[in-house]
Ligand SMILES: NC(=O)c1ccc[n+]([C@@H]2O[C@H](COP(=O)([O-])OP(=O)(O)OC[C@H]3O[C@@H](n4cnc5c(N)ncnc54)[C@H](OP(=O)(O)O)[C@@H]3O)[C@@H](O)[C@H]2O)c1
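Numbering (my numbering), first residue to last: 169 to 500.
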């Protein structure tokens, strides 16, 4: 068993400058933990790019290896729950934030963070889904738990070409919902239609008349990935008794809105957190992604890259040039 592996390392040069290079690491570079996992696949999320560029809300300790997602095989374990050879995945918790993450050939993590790879899902498929897809699935689960059914009307998805948005479009459409996708990318309408969107609208259309306190009742529900004015517009145009999920802030962390949609239309705002999601709902959602919700269009929404291309793709995702999911092949 070789101790050495390749990892992307982010180093802090001064207060604002962070550089990236690929280095050879050994197990002694990893923190204490119960389980060593040989990582076969990871994926690129927006948060990884924030970590790689020194966003203090994500990562504070450098040098650091990002990668909030990892799937692979247990190499050694001090936990009774796992043994060498088990197929597993890890998303969220502190992985890739201040704990070396999936952009390295091995990780060492507490057993409590680990999900056994569900039957019906390969490591590659699990990482095509990754944190973004898991968050999309949590959002769909939240809408269903709020009682939103396909017959209730259209579901709006903002940031639709992004990692969370694209999987949300696909999951909702496969579950029988009529999905309206909002995007800022004029050339990606066909992509969104191929994932199952019944209609695609431009971002600025959603913001029409957005200075009003309430907008025409239009959506039965919404999966919002971007926050700010878009989330406000989505809430203001959700029908009586509808629900809106909130998971992201690519547009803004602000929510410029008053209470009217909540107190006059009974609209619910549902917060989504994939990071600290407890193990019981975590296993339930992964089980659905491997079973009744298994996506038949994963390849359509995925680009696969080797570990040595992650450096370049970090810039691309920050510039909004990535559509769908980016799967990272870490080791063979
Ligand atoms: N709460 C959680 O547990 C959790 C988990 C995963 C992700 N997140 C958060 O969710 C958000 C989306 O993550 P992601 O991985 O899907 O990111 P992503 O792949 O970068 O997608 C974000 C999408 O947002 C849209 N967008 C970008 N800049 C925008 C702007 N200025 N105004 C309006 N729309 C904009 C773009 O879609 P269009 O071009 O199609 O409009 C972009 O593709 C991020 O903020 C991420 O940190 C949270």
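The beta-carbon is built from N, C-alpha and C at its ideal position, and this holds for glycine as well.
| Query | Result |
| --- | --- |
| Distance between beta carbons of residue 238 and residue 257, contact taken as under 8 Å | 7 Å |
| Cβ-heavy atom distance, residue 269 to ligand 1, below 7 Å | no |
| Backbone secondary structure at residue 314 - three-state DSSP | coil |
| Neighbour-count burial assignment, residue 196, 16 or more Cβ in a 10 Å radius | exposed |
| Three-pair Cβ contact test at 8 Å for the segment 478-498 versus the segment 224-233 | no |
| Check: residue 418 C-beta below 7 Å from any heavy atom of ligand 1 | yes |
| Burial state of residue 213 (16 or more Cβ within 10 Å) | buried |
| Closest Cα partner of residue 480 within the set 173, 184, 188 | 188 |
| Simplified DSSP state of residue 173, which is helix, strand or coil | strand |
| Under the three-state DSSP convention, the category residue 180 falls into | strand |
| Where residue 359 sits in the DSSP three-state scheme | helix |
| CB-CB length for residue 305 against residue 206, believed under 8 Å | Actually they are not in contact, since the Cβ atoms of residue 305 and residue 206 sit about 26 Å apart, beyond 8 Å. |
| Buried or exposed by the 16-neighbour rule on C-beta atoms within 10 Å, applied to residue 192 | exposed |
| Where the beta strand (DSSP E) through residue 512 begins and ends | No answer is possible for residue 512: it lies beyond the span of the chain, which begins at 169 and ends at 500. |
| Continuous alpha helix (DSSP H) stretch holding residue 409: start and end | Element bounds for residue 409: not the alpha helix (DSSP H) but the beta strand (DSSP E), 406-414. |
| Which of helix, strand or coil DSSP assigns to residue 188 | strand |
| Heavy atom of ligand 1 within 7 Å of residue 390 beta-carbon | no |
| Exposure label - residue 446; buried when at least 16 CB within 10 Å | exposed |
| Contact test: residue 274 Cβ vs ligand 1 heavy atom, cutoff 7 Å | no |
| Buried or exposed (CB count within 10 angstroms, at least 16 for buried), residue 215 | buried |
| Contact the segment 428-439 vs the segment 257-270: 3+ CB pairs below 8 Å | no |
| Same chain, Cβ closer than 7 Å to residue 300, neighbours up to 5 away in sequence not counted | 213, 331, 332, 335, 493 |
| DSSP beta-bridge partners of residue 471 | 494 |
| As assigned by DSSP and simplified to three states, the class of residue 396 | helix |
| Complete runs of the beta strand (DSSP E) confined to the segment 269-354 [at least 3 residues] | 274-277, 323-325, 347-351 |
| Beta-carbon proximity of residue 400 to residue 431, cut-off 8 Å | no |
| Integer-rounded CB distance, given that residue 173 should sit under 8 Å from residue 272 | 6 Å |
| Residue 211 beta carbon near ligand 2 (any heavy atom closer than 7 Å) | Ligand 2 is absent from the structure shown, which contains only ligand 1. |
| Nearest residue (CA-CA) to residue 184, options 211, 200, 223 | 223 |
| Where residue 461 falls: helix, strand or coil (DSSP) | coil |
| Anticipated Cβ contact below 8 Å, residue 327 with residue 242, distance rounded | Actually they do not touch by this definition, with Cβ atoms about 35 Å apart. |
| Residue 470 and residue 451 closer than 8 Å at C-beta | no |
| Under the three-state DSSP convention, the category residue 484 falls into | helix |
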